[in-house]
Ligand code: NDP
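The following block contains the structure:
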């Protein structure tokens, strides 16, 4: 922002009665990004956080989960190394070491988030805040006023209703387990369920995954779903088409009664059954703020809620519940309110990774989405064995799939199940956002020998519906 513009902005603010130009409730990914960007544009910013700086992602989500996932991968690496001549005796996993190191890293990140706020002169309230009327927030026993308010309060794990559901833990508690159980039942077939089932089984926990559907990862491409369901079924006890009916304590453990009638015994049950927006007791009634049927805050294209001057971003709205999306939304709101560079939020081609083992990485349309839009498409599909596994002896394959628009030749969807799929798909997402066609893929020279080069050499179309 030019200097004259800043002076005008500040002069204008002095004429206002508000304590803050922007007050943010929630210092997670979206909230902190909005604070930083707004402050850098000259706004007077306040933020309230009642729990932990950095929100779900940093404290009980993406970051510690990925650290656990690395820990779990060492089992595969140790096993695979034997075929390459390594003899590693007496390898032993120590949960307290992982937990202590993880906690240290999360504390460090908490500190960085605080530092971002402090160094941008954001007023920080380590307290719960609620809406108290238009332009009004109640925080730490006082009323503050703000020209704009941003709700970035996130989501919370949802636990299904059944007798004994008080015995389950969620992804909130899984990051502070004092000890690993001998056995675990994971309920759910989405992101968190498949990631944690993959982690626990590799850390030596006898793992059962129960999913009510017939294929894991609803919403993903059907080929990806079938493939990952089969892959996970080989490393854990996978129960499909069933659900938990009740849980009771028995002999220092838990007895899980399934709807099918079967009973399982385990040390711990993890419910990974979705997350709900944290809209309860937020004072929404004081501003007559509207929610969707699913309890998320309704927003328009500019993230404005039904109440003027109040905005919402991240997991509390009904869009895409991924950290990088919340960051982009928070940045966009701050920019549009305080004169930063304008850019509409683009929800097309958002890449996403699931850190189960093997990883899933996807960007763009599934075959089913393309079909439901009435598009004429070609499908390219490959199942390959990674070079590494010729010596490791591991019976693991990778899946690669392209969905191509037959009329324009554009690559509409790219799907992969395989090692480091998240790392790999990120680059392809750039190409797809730039409008890459199948011909562009074909004329690109592959890097040999890699798994990714398979995307350059996909020649034969799959007959649809085979
Ligand atoms: P998901 O929505 O991904 O999965 C929820 C799962 O729970 C589904 O399989 C669903 O079944 C099942 N389920 C829901 N209700 C019940 C019930 N009453 N009984 C039995 N099963 C039930 O949610 P998650 O909790 O796994 O994750 C929440 C969100 O967090 C994700 O959607 C994602 O946006 C984000 N996330 C992203 C990660 C990443 O980027 N790697 C990692 C972790 C989370 P059904 O399919 O039949 O509906």
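Numbering (our numbering), first residue to last: 113 to 578. Glycine residues also receive a C-beta, built at the ideal position from the N, C-alpha and C atoms. Nothing here was measured: the structure is a model prediction, and the numbers come from that model.
What does residue i pair with, by DSSP beta-bridge criteria?
i, result
"residue 498", "The partner list for residue 498 (beta bridge, DSSP) is empty, contrary to what the question assumes."
"residue 525", "476, 515"
"residue 299", "322, 383"
"residue 198", "Beta-bridge pairing links residue 198 to no other residue."
"residue 237", "160"
"residue 137", "160, 263"
"residue 183", "DSSP, once it has assigned bridges, lists no residue as partnering residue 183."
"residue 429", "409"
"residue 402", "Looking at the DSSP assignment, residue 402 forms no beta bridge with any residue, so it has no partner."
"residue 388", "268"
"residue 573", "492"
"residue 509", "497"
Quick check: residue i and residue j, are their CB atoms within less than 8 Å of each other?
i, j, result
"residue 450", "residue 160", "no"
"residue 255", "residue 421", "no"
"residue 251", "residue 274", "no"
"residue 350", "residue 321", "yes"
"residue 66", "residue 327", "Outside the shown range of the chain, which is 113 to 578, sits residue 66, and nothing can be said about it."
"residue 258", "residue 132", "yes"
"residue 167", "residue 266", "yes"
"residue 348", "residue 391", "no"
"residue 584", "residue 399", "Past the edges of the chain, shown from 113 to 578, lies residue 584, and the structure says nothing about it."
"residue 234", "residue 157", "yes"
"residue 515", "residue 477", "yes"
"residue 226", "residue 165", "yes"
"residue 281", "residue 382", "yes"
"residue 306", "residue 271", "no"
"residue 465", "residue 533", "yes"
"residue 242", "residue 393", "yes"
"residue 333", "residue 527", "yes"
"residue 184", "residue 346", "no"
"residue 549", "residue 523", "yes"
Is any non-hydrogen atom of the ligand NDP found closer than 7 Å to the C-beta of residue i, if you look at the structure I gave you?
i, result
"residue 321", "no"
"residue 406", "no"
"residue 483", "no"
"residue 470", "no"
"residue 417", "no"
"residue 385", "yes"
"residue 275", "no"
"residue 303", "yes"
"residue 433", "yes"
"residue 299", "yes"
"residue 284", "no"
"residue 287", "no"
"residue 522", "no"
"residue 63", "In the structure as shown, the chain starts at 113 and stops at 578, and residue 63 therefore has no counterpart that could be examined."
"residue 337", "no"
"residue 465", "yes"
"residue 330", "yes"
"residue 327", "no"
"residue 307", "yes"
"residue 314", "no"
"residue 355", "yes"
"residue 259", "no"
"residue 156", "no"
"residue 324", "yes"
Could you tell me the boundaries of the beta strand (DSSP E) in which residue i lies?
i, result
"residue 111", "One cannot answer for residue 111 here, as it falls past the ends of the chain, which runs 113 to 578."
"residue 243", "241-245"
"residue 370", "365-370"
"residue 375", "375-378"
"residue 258", "254-263"
"residue 350", "349-352"
"residue 555", "Counting along the chain, residue 555 falls outside any beta strand (DSSP E), though it belongs to the alpha helix (DSSP H) covering 550-555."
"residue 360", "356-362"
"residue 248", "248-251"
"residue 464", "464-466"
"residue 559", "Here residue 559 belongs to no beta strand (DSSP E), and DSSP marks it neither H nor E."
"residue 456", "Where residue 456 is concerned, there is no enclosing beta strand (DSSP E), given that its DSSP letter is neither H nor E."
"residue 422", "422-424"
What span of residues does the alpha helix (DSSP H) with residue i cover, start to end?
i, result
"residue 304", "303-314"
"residue 211", "207-231"
"residue 541", "533-545"
"residue 340", "334-345"
"residue 440", "435-450"
So is the beta-carbon of residue i under 7 Å away from any non-hydrogen atom of the ligand ADP?
i, result
"residue 164", "This structure simply doesn't include the ligand ADP; it includes the ligand NDP instead."
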